[in-house]
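> In mature numbering (1 follows the signal peptide of the UniProt record, and there is no 0), the protein residues as written are -21 to -1, 1 to 153.
Okay, handing you the structure first.
Put into structure tokens, the structure is as follows:
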């Protein structure tokens, strides 16, 4: 049993190190179109964010340590980000019910998209299958024209919100 646990841990660690290699190939491309339910069960599409700057942050799983830290920090800055002109959208493969609980636990007022069919995540090559199907922890900063201006392939949940804020201010000139 210990051998299986250690093997899974090794596969997961190697997968993370490969997945987190820096990649700027997305910069300059349009963020893909999507149609995904949020934590309230409402169908959300790109049109909701048309003409707005958006930080689309992908995370592995609701109610896990790093994901909880990141959600809590985004939730605390959400009102300030909106005043600055930046929207925040969280995305994982969890279902609507899981997102409802997660949003309630961390006072999340922004959309958490339940990409259970992986329709959006696969377009961005965000899905890892080991040790369970999940999205990688990465973020796409998208400008008001719907174009990716920054791709964060390596994310530290404790520092990421400040990084997004600084880059948004620099890139949007706000």
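Glycine included, C-beta positions come from ideal geometry on N, C-alpha and C.
Only a predicted model underlies this, so the values are computations on that prediction, with no experimental measurement involved.
Taking the alpha-carbon of residue 55 as reference, which of 76, 79, 89 has the nearest alpha-carbon?
What you label residue 55 is simply residue 76 of the chain shown in a count that begins at 1. For residue 55, the nearest C-alpha among the options comes from 89.
> How would you write the range of the beta strand (DSSP E) that residue 33 sits in, first residue to last?
Along the chain shown, read from residue 1 onward, the residue named residue 33 stands at position 54. Taken as a continuous stretch (DSSP letters only), the beta strand (DSSP E) holding residue 33 covers 32 to 37.
> Would you verify that the beta carbon of residue 37 is, or is not, closer than 8 Å to some beta carbon of chain D?
In the structure shown, chain D does not exist; there is a single protein chain.
> Cα-Cα, which of 23, 31, 86 is closest to residue 127?
Start at 1 with the first residue of the chain shown, and residue 127 comes out as number 148. Ranking 23, 31, 86 by CA distance to the CA of residue 127 puts 31 first.
> Would you kindly report the start and end of the unbroken beta strand (DSSP E) that includes residue 65?
Indexing the chain shown from 1 puts residue 65 at position 86. From DSSP, the beta strand (DSSP E) with residue 65 extends over 65 to 71.
> Apart from the five residues on each side of it in sequence, which residues of its chain come closer than 7 Å, Cβ to Cβ, to residue 85?
Within the chain shown, residue 85 is the residue found at index 106, counting from 1. Here the set comprises 47, 50, 51, 54.
> Give a yes or no on whether the C-beta atoms belonging to residue 68 and residue 35 are separated by under 8 Å.
Here residue 68 corresponds to residue number 89 of the chain shown, with the count starting at 1. Here residue 35 corresponds to residue number 56 of the chain shown, with the count starting at 1. Cβ atoms of residue 68 and residue 35: closer than 8 Å.
> Could you give the residue range of the alpha helix (DSSP H) that holds residue 146?
Stepping through the chain shown from its first residue, residue 146 is reached at position 167. From DSSP, the alpha helix (DSSP H) with residue 146 extends over 139 to 151.
> Should residue 65 go down as buried or exposed, given a rule of 16 or more other Cβ atoms within 10 Å for buried?
Reading the chain shown from its first residue, position 86 is the one you call residue 65. Its Cβ being crowded by 16 or more others within 10 Å, residue 65 is buried.
> Between which two residues does the beta strand (DSSP E) containing residue 154 stretch?
Here the chain comprises residues numbered -21 to 153, so residue 154 is not present and cannot be evaluated.
> Assign residue 111 to buried or exposed, taking buried as 16 or more other Cβ atoms, counted over all protein chains shown, within 10 Å of its Cβ.
As a working note, residue 111 is residue 132 in the chain shown. Exposed.
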